[in-house]
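Engineer: Under numbering that gives the first Met the number 0, the first residue of the sequence shown is numbered 0, with each subsequent residue one higher.
Every residue, glycine too, gets a C-beta built ideally from N, C-alpha and C.
Keep in mind that this is a model prediction, so the values were computed, not measured.
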Amino acid sequence: MIKTSLPFYLASKSPRRRNLLKLLGIAFSSFSVELDEELIDGEHPVECVTRLAQEKMAKAKLEVNDGIIITADTLVVLGKEVIGKPADENEAMRYLKMLSGKTHIVYTGFSVFNSITKKEITDYEKTEVEFRNLDDLEIKNYVDGGSPMDKA
């Protein structure tokens, strides 16, 4: 377990982000911040994910007096189409069919803030992800398990 003199806070409801910090051995508390994650027309995905991470951080700072806060936002891009969190199971199935057998790009923007030094860092990571071909039954079983419903 990684120990610091300051507590860590993850301002996210993402189970994957919580699991990542646990895997890294970081002790942390988590809470979520409500934010309208609207895309701005013509905004590049990098600008969008870093903007949203910063907007989440602005809200998270209101909740934490001392500690290190982490926020993040993720977008999936296939060609010129941005794929967000599916609204329902039908949309999740449609997205997975679109991604099947193709390579897409995942952009994750993040902000880290130290409440003592008042230093904030915002950056992003770009990852290419290649899906193998998925058949309709695999997609249905995956969606029925609820896994894609809370993530881009």
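Assign LYS118 to one of three DSSP states: helix, strand, or coil.
Structural biologist: LYS118 falls in the strand class under three-state DSSP.
Engineer: Excluding the 5 residues flanking THR102 on each side, which residues of the same chain have their C-beta closer than 8 Å to its C-beta?
Structural biologist: Excluding positions up to five away in sequence, the list reads GLU127, VAL128, GLU129, PHE130.
Engineer: Judging by CA-CA distance, which residue of CYS47, LEU38, THR73, VAL32 is the nearest neighbour of ARG15?
Structural biologist: Considering only alpha carbons, the answer is THR73.
Engineer: Going by DSSP, what residue range makes up the alpha helix (DSSP H) through ASP135?
Structural biologist: It spans 135-143 - the alpha helix (DSSP H) in which ASP135 sits, taken as one unbroken run.
Engineer: Flag this pair as yes or no: are the beta carbons of ILE159 and ASN113 separated by less than 7 Å?
Structural biologist: Since the first and last residues shown for the chain are 0 and 151, residue 159 lies out of range.
Engineer: Return the residue from the list GLN53, SER99, ALA86, ILE104 that minimises the CA-CA distance to LEU77.
Structural biologist: The candidate whose alpha carbon is nearest that of LEU77 is ILE104.
Engineer: Have a look at TYR8 and LEU51 and give me their C-alpha separation to the nearest angstrom.
Structural biologist: Approximately 17 Å between the Cα atoms of the pair.
Engineer: In chain order, what residues of the same chain lie with their CB nearer than 7 Å to the CB of GLN53, ignoring the 5 residues before and after it?
Structural biologist: Contacts found: SER110, THR121.
Engineer: Output the boundary residues of the alpha helix (DSSP H) element that contains VAL45.
Structural biologist: That run of the alpha helix (DSSP H) goes 44-59.
Engineer: From the DSSP output, which residues share a beta bridge with GLY108?
Structural biologist: According to DSSP, which records beta bridges pairwise, GLY108 is partnered with ASP72, TYR123.
Engineer: Helix, strand or coil: which one does DSSP assign to GLU36?
Structural biologist: Coil, per DSSP.
Engineer: Pull up the distance between the alpha-carbon of SER28 and that of ALA59, whole angstroms please.
Structural biologist: Going by the C-alpha atoms only, they are around 12 Å apart.
Engineer: Would you mind sorting GLY144 into buried or exposed? The rule is 16 or more other CB atoms within 10 Å of its CB.
Structural biologist: Classification for GLY144: exposed.
Engineer: Where do the ends of the beta strand (DSSP E) carrying PHE9 lie?
Structural biologist: The amino acid at residue 9 is misidentified as Phe; the sequence shows Leu. Counting along the chain, the beta strand (DSSP E) containing LEU9 begins and ends at 7-10.
Engineer: Does GLY24 pass the burial test, meaning 16 or more other C-beta atoms within 10 Å, or should it be called exposed?
Structural biologist: That one is exposed.
Engineer: What did DSSP end up calling GLU80 once you bin it into helix, strand or coil?
Structural biologist: Strand at GLU80.
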